[in-house]
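Note sheet for the following structure.
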Amino acid sequence: MKLSTFAQYLKRLEETTLRNEITKILGALFKKANEQEIDKIVYLCLGRLKPAYAGLEFNIAEKMMIKIMALAFNKPEKEISVHLKNSGDLGETAFYFKKEKKSTFKKMSVSQLYDRLLEIANEKGLGSQERKIKLMAKLINEVNLDFVKYLVRIPIGRLRLGFSDMTVLDALSWMKTGKKELRGEIEAAFSIATDAGLIAQVFKSKGLSGLRKINSQPGIPILPAKAGRLPDAQSVMEKLKKCALEPKIDGFRVQIHVDRKLSKNSTPQEQGAFWKNKQEQFLIKIFSRNLENTTHMFPDIARACGRLLAKKKGLQNCILDGEAAAMDLKTKRPLPFQKTSQRKRKYDIQKTSKEIPLTVFIFDLLLYNNESLLKNTFIQRRKKLEKLFNFKDETLKLTPQKIVSKTKQLMKEFDQAAFEGWEGLVCKKLESVYQPGARNHNWVKFKKSMDTKLADTLDCLVLGYYRGKGKRTSFGIGAFLAGVYDPFKNQFPTIAKIGTGLTDKQWMILRKKCDQVKTKLKPKQYLVNKNLNPDVWCLPGVVVEIEADEITKSPIHTASKGLALRFPRLKRFRDKKPEQITSVTEVLQLHEIQK
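1212 is the number of the first residue of the sequence shown in the numbering used here; add one for each residue after it.
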């Protein structure tokens, strides 16, 4: 496909906010693409070069892109910066200067562009920044005028087309049938492979029969299953009958992949750089809830995986699902999440891992010796897990479990869990299969009462913030606007304006996070009453967990025709993607539960 053709599709996508229209445009684009390039087109439409879990980053920030554009257009950096301040968008600024320069461009295909961008992203080592600047500036000069605005947005992660992997899956179905009817089967494959480009390529070339052959394998994350909500213990027992109870751990969700065979494409950490002896080396990858590769952050967990393989000679590979938390080693009680969160860092990793050791509570086994266990029942998976962890380890521990069949038993275990310092319980249906990415009543959260009507917290997107008054003038932030996700309309409607309950440190952290994604223009996916417009808009990126007393009606908020949070307050920051936050459907369910 010619780059000029691709640019026209991107322009149409940018000009609409309607999800169905976006789906149709993408479907037409994918239909026009051939089998060799469709994966590249999918990645570029999503503003990246590889699946999210691959962790391939350009490491080009806005300031560096200004330098690149100054070199490309032979202009002072200050002139680029002034125009950017007025336009609010690097893409529009690049378009303006390229149009002014009236330079010639090379005829280029999407695949050729992709290869050039891949070369830039893979630049490493001494002098790599300078090489990236020169290569990117050269590319800016060579692409056509219509594409330049998208080219400069991709490396800084601001393509701003307003859709995610899930919309791509809808569009693949549309490509084949003109409807979304195949979305379920396509999503089932994506939940196991989590690579939209791969899914597109297989579906384009081999159809549904090709997707059905996709299976889980070490090194490729599976979308984690999620727990649903019910109002009380009696409702839980009526729904699940006999069930397994496990403590609800307030930590990091971790999916651990272990394989004795080394991968040619694995990083030094994943190749067992934690061990001196070559005979002990193996593949390890640790993924977060949002599929980020966090292996480098947790050397203590990696070493524990080494001990697991040393003790279990018959273990070739496995995928484990668990929760990592910092524990008080004397009292055996969980430490506050704020302590655990200090382990999510890029620097001083070895030092912090010794100061704050983690315990990983393993609660599920998704693959064992190349056999997928996703279709096995929970009780079958648990039995295999118990055989695998029939030894003591200071880092990897089997999650404790009790099986109950009566409401009184559930409440007794709930009280014990609260006494031991846990958030509550996760109640699991014994005969349920593992459903990647699904939130249903196979698993049910049963949390500590917050003396409120609201059965759970909400994960919300920070849409923007308001400048502070009084004491908060020094912070530059005094309140923020929070939204939830409407997957049917591909919008983020508002549910709360929050100005209380944060410590000074949290205000400063929030301001810093917001300023990293601030934008002059309101993102097109945001559904906001004009009376709530913040002083500073934020691109989708900052996710927070919010506590509140209840869900009430509001004439000014836009979630589910006016639902809003009463007395909302920040609980913590989350490492979730915008599309993983609380949906409007879940808000309605919580509203019904509290009645």
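Using N, Cα and C, we set each Cβ at its ideal position, and we do this for glycine too.
Leaving out five residues before and five after residue i in sequence, what residues of the same chain have Cβ atoms less than 8 Å from its Cβ?
i: residue 1353; result: 1316, 1317, 1319
i: residue 1798; result: 1669, 1695, 1706, 1762, 1770, 1771, 1774
i: residue 1367; result: 1269, 1271, 1272, 1273, 1276, 1301
i: residue 1234; result: 1378, 1381, 1382, 1385, 1391
For the beta strand (DSSP E) containing residue i, list its first residue and its last residue.
i: residue 1614; result: 1613 to 1615
i: residue 1653; result: 1650 to 1658
i: residue 1748; result: 1747 to 1749
i: residue 1709; result: 1703 to 1709
i: residue 1468; result: 1463 to 1470
i: residue 1534; result: 1528 to 1537
i: residue 1694; result: 1690 to 1694
i: residue 1495; result: 1494 to 1498
Can the beta-carbon of residue i be found closer than 7 Å to that of residue j?
i: residue 1457; j: residue 1612; result: yes
i: residue 1740; j: residue 1709; result: no
i: residue 1499; j: residue 1505; result: yes
i: residue 1283; j: residue 1351; result: yes
i: residue 1495; j: residue 1516; result: yes
i: residue 1468; j: residue 1430; result: yes
i: residue 1747; j: residue 1729; result: yes
i: residue 1493; j: residue 1518; result: no
i: residue 1502; j: residue 1264; result: yes
i: residue 1309; j: residue 1346; result: no
i: residue 1299; j: residue 1732; result: yes
i: residue 1579; j: residue 1595; result: yes
i: residue 1549; j: residue 1567; result: no
i: residue 1534; j: residue 1460; result: yes
i: residue 1698; j: residue 1794; result: yes
i: residue 1404; j: residue 1425; result: yes
What does the Cβ neighbour count give for residue i, buried or exposed, with the cut at 16 atoms within 10 Å?
i: residue 1413; result: buried
i: residue 1614; result: exposed
i: residue 1433; result: buried
i: residue 1245; result: exposed
i: residue 1704; result: buried
i: residue 1217; result: buried
i: residue 1789; result: buried
i: residue 1602; result: exposed
i: residue 1685; result: exposed
i: residue 1556; result: exposed
i: residue 1293; result: exposed
i: residue 1220; result: buried
i: residue 1285; result: exposed
i: residue 1626; result: exposed
i: residue 1416; result: exposed
i: residue 1720; result: exposed
Which residues bound the alpha helix (DSSP H) around residue i?
i: residue 1415; result: 1407 to 1423
i: residue 1357; result: 1356 to 1364
i: residue 1302; result: 1301 to 1312
i: residue 1396; result: 1394 to 1404
i: residue 1385; result: 1376 to 1388
i: residue 1570; result: No alpha helix (DSSP H) holds residue 1570; the beta strand (DSSP E) holding it covers 1569 to 1579.
i: residue 1218; result: 1214 to 1225
i: residue 1676; result: Element bounds for residue 1676: not the alpha helix (DSSP H) but the beta strand (DSSP E), 1669 to 1677.
i: residue 1284; result: 1273 to 1284
i: residue 1522; result: 1510 to 1522
i: residue 1623; result: 1618 to 1630
i: residue 1548; result: 1548 to 1551
Hey, residue i and residue j are a contact pair by Cβ (cut 8 Å); roughly how many whole angstroms apart?
i: residue 1325; j: residue 1255; result: 7 Å
i: residue 1455; j: residue 1589; result: 7 Å
i: residue 1379; j: residue 1253; result: 6 Å
i: residue 1597; j: residue 1544; result: Contact flag wrong, Cβ pair sits at about 24 Å.
i: residue 1655; j: residue 1439; result: 5 Å
i: residue 1408; j: residue 1250; result: 4 Å
i: residue 1693; j: residue 1713; result: Not really, about 12 Å apart at Cβ, beyond 8 Å.
i: residue 1393; j: residue 1370; result: With 8 Å as the limit, residue 1393 and residue 1370 do not qualify as a contact, their Cβ atoms being about 26 Å apart.
i: residue 1724; j: residue 1753; result: 5 Å
i: residue 1759; j: residue 1745; result: Not a contact, Cβ separation roughly 19 Å.
i: residue 1644; j: residue 1585; result: 6 Å
Skipping 5 residues on each side, what residues in its chain have a beta carbon closer than 7 Å to that of residue i?
i: residue 1689; result: 1677, 1678, 1679, 1680, 1683, 1710
i: residue 1756; result: 1668, 1670, 1782, 1783, 1785
i: residue 1267; result: 1260, 1261, 1332
i: residue 1327; result: 1350
i: residue 1447; result: 1441, 1621, 1638, 1655, 1657
i: residue 1222; result: 1357
i: residue 1700; result: 1230
With respect to 6 Å, is the separation between the Cβ of residue i and the closest non-hydrogen atom of the ligand ADP below this value?
i: residue 1754; result: The ligand ADP is not part of this structure, which contains no ligands at all.
Taking Cβ positions only, does residue i come closer than 7 Å to chain B?
i: residue 1763; result: Judged by its chain identifiers, the structure shown contains no chain B, having just a single protein chain.
Skipping 5 residues on each side, what residues in its chain have a beta carbon closer than 6 Å to that of residue i?
i: residue 1373; result: 1735, 1736
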